[in-house]
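As you go down the protein sequences, you meet chains A, B, C and D in turn. Going by the numbering used here, the first residue of the first sequence is number 0, and it counts up by one from there. Going by the numbering used here, the first residue of the second sequence is number 2, and it counts up by one from there. Going by the numbering used here, the first residue of the third sequence is number 2, and it counts up by one from there. Going by the numbering used here, the first residue of the fourth sequence is number -16, and it counts up by one from there.
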Amino acid sequence: GGQSNEGNGESEAPEQTQTKGKIGLVISTLNNPFFVTLREGVETKAAELGYELVVLDSQDESSKELSNVEDVLQQGIDVLLINPVDSDAVANAVKLANDKNVPVVTLDRSASDGDVKVHIASDNVAGGKMAGEFIIQQLNGKGKVVQLQGIPGTSAARDRGKGFEEAIKDSDIEVIASQPADFDRQKGLSVMENILQAQPEIDAVFCQNDEMALGALQAIEASEREGILVVGFDATDDAVKAVEEGKLAATIAQMPEVIGSMGVEYAHKIMSGENVPEYVPVDLRLVTK
Amino acid sequence: MNHPNPIVRNNTLHNMFLKLRSIIGLLLLSAILSVLSPRFLTYSNLFNVLRQTSLNAIIAVGMTFVILTGGIDLSVGSILAFSSAIAANMAHNNTSAAVAILTGLVVGALLGLTNGLIVTQGNVPPFIATLAMMTMARGATLVYSNGQPITGLGDGFYLIGNGYLGQIPIPVIITIGALLVAYYILSQTRTGRYIYAVGSNESAAKLTGINTKLVKTLVYAISGFTAALSGIIIASRLNSAPPTAGSGAELDAIAAVVLGGTSLAGGEGHIAGTFIGALIIGVLNNGLNLLNVSSYYQQFVKGVVILIAVLLDRRKS
Amino acid sequence: MNHPNPIVRNNTLHNMFLKLRSIIGLLLLSAILSVLSPRFLTYSNLFNVLRQTSLNAIIAVGMTFVILTGGIDLSVGSILAFSSAIAANMAHNNTSAAVAILTGLVVGALLGLTNGLIVTQGNVPPFIATLAMMTMARGATLVYSNGQPITGLGDGFYLIGNGYLGQIPIPVIITIGALLVAYYILSQTRTGRYIYAVGSNESAAKLTGINTKLVKTLVYAISGFTAALSGIIIASRLNSAPPTAGSGAELDAIAAVVLGGTSLAGGEGHIAGTFIGALIIGVLNNGLNLLNVSSYYQQFVKGVVILIAVLLDRRKS
Amino acid sequence: MLLNMRGISKSFPGVKALDNVDLELNEGEVLALLGENGAGKSTLMKILGGVYSRDQGQIFLRDEEIQINSPRQALEYGIGIIHQELSLLPHLSIMENIFLGREKISILNRIDWNYMKSRSEEILSYLGVKNIDVTKPVKDYSVAVGQMVEIARVLSMDGNIIVMDEPTDTLTSQETEFLFNVIQTLKNEGKGIIYISHKIEEIFKIADRVEVLRDGKNIGTVKVSETNTDDLIQMMVGRKLEDKFPRVCMETGEKIIEIMNLHIPGVLEDINFQLYSGEVLGFSGLVGAGRTELAKTIFGANRYSGEIIFEGKPVKIKSPQQAIEMGIVYLTEDRKQEALFFEHDVLFNMTISTLNDFVTATGRISKNREVREADGYIEKLNIRTPSLYERVINLSGGNQQKLLLARWMMTKPKVLILDEPTRGVDVGAKVEIYNIINQLKQRGIGIIVISSELPEILGICDRIIVMHNGRITGEFTHEEATQEKIMKCAVNL
Ligand SMILES: Nc1ncnc2c1ncn2[C@@H]1O[C@H](COP(=O)(O)OP(=O)(O)OP(=O)(O)O)[C@@H](O)[C@H]1O
Ligand SMILES: Nc1ncnc2c1ncn2[C@@H]1O[C@H](COP(=O)(O)OP(=O)(O)OP(=O)(O)O)[C@@H](O)[C@H]1O
Ligand SMILES: [Mg+2]
Ligand SMILES: [Mg+2]
């Protein structure tokens, strides 16, 4: 369920407006509504607390991310919020910040090395598991499932797939097709069309993000096949709407906005010298009708 | 008057076939797939493949024009995204589908025209001009849509991507239409000849009185137009225009053109080849999905198959 | 024999400068940035830019060789990923850094060689051959690394991307080295002449007895090698080799080459221009970040600036 | 015997280019290879040079059979060929072109630039080419310089057999003289030279023996000392040529075009002349005199200052397109770079400037009308091609030239500018082209002929203008003109 994470840092916000520190946000991509929302969370909160904000987009490229961190460190920021492209590949970027004594907060994905003050995230593996469990429950533990994967080799694709597979490992759910559709709605559509051609029997589809899920939905609707459960991931606006309309069975809400705003809150705490925990989990929520 | 050799009227059909050797690759690929997957050769799957291919094929039609002049257009994916976002936004706000679609097409053609003007008036190499347009139009799309997909496009808009005329999906009909028009222009009209001439020898074209700048500007406008057309069909099929639509579309389109036997140096090539090239790519994607090839191996297999398809008809030249 | 116009002995320096008109774009860009951001012209930021540019510049060095022959190499990003994965895996398993790095470089060169053989022996257009290699090598990387980044590469490996020689970052030194070697080969050796010759007029080159196939094979091998070199530096900098490394690297590298004044048609161009081209791209990325241009606008601005940079020196031709 | 080619045959799709051809060459001999356009001369030489593979036949070098499978191998056997089509690398410098493939290497694989530079200058000056910057790219120089570079390249190889396929095609008499001296020297050194040319008078100057080909077959071989021009022509074309420079005398008509004070800084200065309908106006001069630039300027390809009056009205010609619409057309001297679309067929190349004529109401090109028209010209100009659908790259040079003439005749021009119209054209075809010029003249077209061949200028032109250094330095009527007077003005004495 989605408890009120917002509560965490609200109290001290208003009187700190005059701090006027500078926060850098290096975000993995802004071509994906999930991260756009995350950024919005950061922006809103930073404005509210009166911080100056620098946002850089890594375009899902670890080396671009490293350059971005270098560049943002040139600008004399007080805290670095980073949403890594990849947990492993971000380590050196974190160390760069460490060298300059800029505290680092990781958002959504962790860093496997380097000194990170706080990690704020909802776990992709757990999300994948949640989706798997939902499908098991809906299908009564048995059925044929299709998985649409994200861009091969990206951490989101890996972790969500891993969680999903862990969940269904011990059930009688059979994954009859698992194909990459690159987190892309159009590819979700065409890959699903092809799978529909190949598979006469499909009970459910797990998509590693909502964009692909919405594409897959279009394909299923056009094929006029009934009774196929589609589960997405991210709870983007479009997806939540589709859930409300009863088209999408469920989507996993990671509450990117909350992750973003909490990031700023914790940055604020760090700057004010407060102690912060190493890991702040943000709950996942299964969005269903 | 003596002619050492009688003037033979060439057998255009035979000639055509020679030029379309890439068809061998397509047929072989299809044959293998129909053996490997019983589902491949079904009526419904073939239409499925055709409909999927149509999106790339339409872009590739415009790309063929550009490449025939010796140019290249990297901006098709971004133009596609921008013009479909414009059209989708209008449709979303209850403008009639026809007006929205038309506007989208005009926007695409105008962006293409801009490419053409940059290339011809600014004397900028096409690669750079369209690369710049690629990032500019993508940026403009992201700004315009604030990074969010534009969704809810209404029933009229839905038809162009999802409707049928009789048994045939409308996108397939549009593709066939685009191919026929392109074929007609390229092989039956002056403009077509001029396009080939510019690609074959630009300075000669200039000295034979061809307005080469006009011709070159035109092909980019056509490419922008077809990119927009494809973008509108995509938006209609998805009932949504994502700002990331069409990323990477340029590679697929160029690949279709080159697989179809059109030389990147310009001057030589065939629109029918482009369609075959697009089909090779479409059939391949479909086949890999049907066979459920695991995602990591897919890319590898894709590369190998493309190579084999080309090698089949390139051993001589 | 009499010539109406006095023949001027050309001043090579002046000549060089003419050829490198793109430097105007770079200087102007830098000037504007240093006015707009006080941070730009700091010592540390300049080294920062240089180090960032080095990754693209190294790939672009190899790409220059390929483009000078009239070819193109789309596979650099994937070759980069594959060879860095191989090297990283060895380093991860405690092979000495030197051996790991060398192996990575050899693998890159071999993949490039394969490109060359496909192009020359199979008579496949470079665009298609390297496009196929692009997906094949990416697939192979994913299979090899099982989609996981390979991490924990040890201290020896760390140096090549992060170390300094005196004040200068090692990647910058490597880049300068690569540029000098390329300069030497291209302007002072036979091989260099043959590369220009093949790009200038392939059939004439053949008539003069040049083994054009050998030359063409060589340039792809060089490009594979430099891609691998860049990949290893990236892996070292990230202390990790992600399987997605280098996606899109081909466009940046080609853009650097073309911005630097090398014609995609081959035969004409300069390695120094390539470096300037890479710097324009690097400075631009850095500048946009320093100025905190919002990400959607960045792409737009990037396109505009690239256009202006080219227009500055292309008004005549 | 130095070289012996026996029973060489070669077919291309639709053409038997060589049919059981023999060729012998001795040391210290200059063998002229003669034949009409498309007779197979270049093909035979390309087989010798390893460019084409033969279908049948053997090649012996000093009585030993050799296999030549690549240009490289030919070079290794000491066979150097100056190909008919320039095979230069436009972006490379002159010295690099001369030494390509044989660069002198010093330490670290470094090219020895100084050696190459001084040696290139030496070879070129031996050929009479001075005042040239050998470090500049070939594309900065004229075709003629390119041709000399190509000759220099082959000479510097120091081969035993040197083939020159129409080397003087783009040269003027002065350069040709130099070349002949060089050939004489080579001959004295005991080298064998095969010399191909359509300029028969050259044969008598330098060749020892003549081998004649027709339609890919040997017709015969004769010693130069035992033959004469008429006999050679008879062997080549199979009939007698009555008049080598036919010219129709007639009254000229109205003034069509008048050029006044035409000026392009550094290229053309103070050009004034008129052209009348039904007149053939010749332009003579040395290489680089500015004739080509003048022609291109009238054709709208250059910016200029000055006035052009066309059919009584002042006009500003801004583009070739506009010039063609007005009825001014220009046949370029550089077929390959500036006129032909090599990937395309004869039909495409012939009608590209007149597509408007074949367009139907629906905007479609009527292929029937197009083909009919083109077929007509194929016959009228006797263009030899297997079909309208043959790619022009496969046509012989002379036939390419006639094809281009057809392209412009189709536009029904009022002013026809011909730049080196008979370059690379065989004797028979030359006369055919002169006859065409005469026909066009009788139809009232004003014709400008730019030519570096004095006999041609003297033979067919009604009036002759001589240029030097971008200026007009002399004007003569047909009757006044002599070789000496023209040469005097050409060098501006
Ligand atoms: N590559 C080719 N493909 C097809 N046909 C060719 C090719 N090269 C030459 N031919 C044909 O072979 C014949 C002989 O051509 P070749 O070039 O040897 O003539 P040539 O005697 O050199 O003529 P010219 O005096 O005009 O140069 C011609 O009919 C020509 O069209
Ligand atoms: N665009 C140009 N700008 C400046 N100079 C030029 C240009 N084009 C040609 N020239 C020079 O003008 C002079 C005249 O060249 P042109 O080709 O007209 O001579 P030509 O009399 O036709 O000689 P040829 O017999 O070689 O054709 C040459 O020296 C040439 O290098
Ligand atoms: Mg010939
Ligand atoms: Mg001339």
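Ideal Cβ positions, reconstructed from N, Cα and C, are used throughout, including at glycine. Bear in mind the structure is a predicted one, so any value in this text is a computation, not a measurement.
Leaving aside the five residues that flank V125 (chain B) on each side, the residues in its chain whose CB is nearer than 6 Å to its CB run, in chain order, I119. Taking C-beta atoms as the reference points, A90 (chain A) and S241 (chain C) count as a pair closer than 8 Å. In this structure, Q384 (chain D) keeps its C-beta atom at 8 Å or more from the C-beta atom of G359 (chain D). For S(-6) (chain D), the pairing in a beta bridge is given by DSSP as D:K(-1). The residue among B:P243, B:Y297, B:G278 with its C-alpha nearest the C-alpha of N147 (chain B) is B:P243. For C444 (chain D), DSSP assigns no beta-bridge partner whatsoever.
Distances taken from the Cβ of K(-7) (chain D) to the heavy atoms of ligand 3 include none shorter than 7 Å. Between I60 (chain B) and A183 (chain B), the C-beta gap is not smaller than 8 Å, which leaves the two residues out of contact. Ranking A:A212, A:V242, A:M261, A:A197 by CA distance to the CA of L37 (chain B) puts A:A197 first. In the structure shown, E269 (chain B) falls within a coil segment according to DSSP collapsed to helix, strand and coil. Here S35 (chain B) carries a helix assignment [DSSP, helix/strand/coil].
The CB of P83 (chain A) never comes closer than 8 Å to any CB in chain C; the least such distance is about 11 Å.
Around the beta carbon of S204 (chain C), fewer than 16 other beta carbons lie within 10 angstroms, which makes this residue exposed. For the segment 169 to 182 of chain A, no residue has a beta-carbon sitting nearer than 9 Å to a beta-carbon of chain C. The nearest non-hydrogen atom of ligand 3 is less than 7 Å from the C-beta of D148 (chain D). In this structure the segment -15 to -5 of chain D lies against the segment 3 to 18 of chain D, because at least three pairs of beta carbons, one per stretch, are closer than 8 Å.
The beta carbon of T70 (chain C) lies closer than 7 Å to those of I196, V199, G200, V216, K217, V220, G267 in the same chain, with the five residues before and after it left out. Pairing R191 (chain C) with E86 (chain D) gives a Cβ-Cβ distance under 8 Å. Counting along the chain, I145 (chain D) sits inside the beta strand (DSSP E) bounded by residues 144 to 148.
Taking 8 Å as the CB threshold, T235 (chain A) stays off the interface with chain C. Against chain A, the beta carbon of P172 (chain B) has no neighbour under 7 Å; the closest one sits roughly 12 Å away.
Around the beta carbon of L42 (chain B), fewer than 16 other beta carbons sit within 10 angstroms, so the residue counts as exposed.
Judged by DSSP secondary structure, D171 (chain A) falls outside any alpha helix (DSSP H) and instead within the beta strand (DSSP E) spanning 171 to 179. For the C-beta of N67 (chain A), the chain C residues within less than 8 Å are, from N- to C-terminus, N290. At a cut-off of 8 Å, the C-beta of E203 (chain B) has no neighbouring C-beta in chain D.
Contact annotation: L308 (chain C) and A133 (chain B) have beta-carbon atoms nearer than 8 Å. Excluding residues up to 5 positions away in sequence, S23, G274, T275, I277, G278 lie with their Cβ nearer than 6 Å to the Cβ of G261 (chain B) in the same chain. Minimum Cα-Cα distance from L71 (chain D) among the listed residues D:M131, D:S53, D:A272 corresponds to D:M131. The three-state reading of DSSP puts R426 (chain D) in coil, since its state is none of H, G, I, E or B. Put simply, the backbone Cα of I119 (chain A) is about 14 Å away from that of R38 (chain A).
A check of alpha carbon separations from L112 (chain B) across B:K303, B:R52, B:V77, B:Y159 identifies B:V77 as the nearest.
Within the same chain, and ignoring the five residues on either side of G126 (chain A) in sequence, the residues whose Cβ sits closer than 7 Å to its Cβ are R159, G162, F232, I251, Q253, L283.
Using a Cβ distance threshold of 8 Å, F228 (chain D) and Y417 (chain D) count as a contacting pair. Using a Cβ-Cβ cut-off of 8 Å, P120 (chain D) does not count as an interface residue toward chain B, since no Cβ of chain B sits closer than that to its own. For H451 (chain D), the secondary structure class from DSSP, reduced to helix, strand or coil, is strand. In this structure I269 (chain A) is in contact with K116 (chain A), their Cβ atoms being roughly 6 Å apart against a cut-off of 8 Å.
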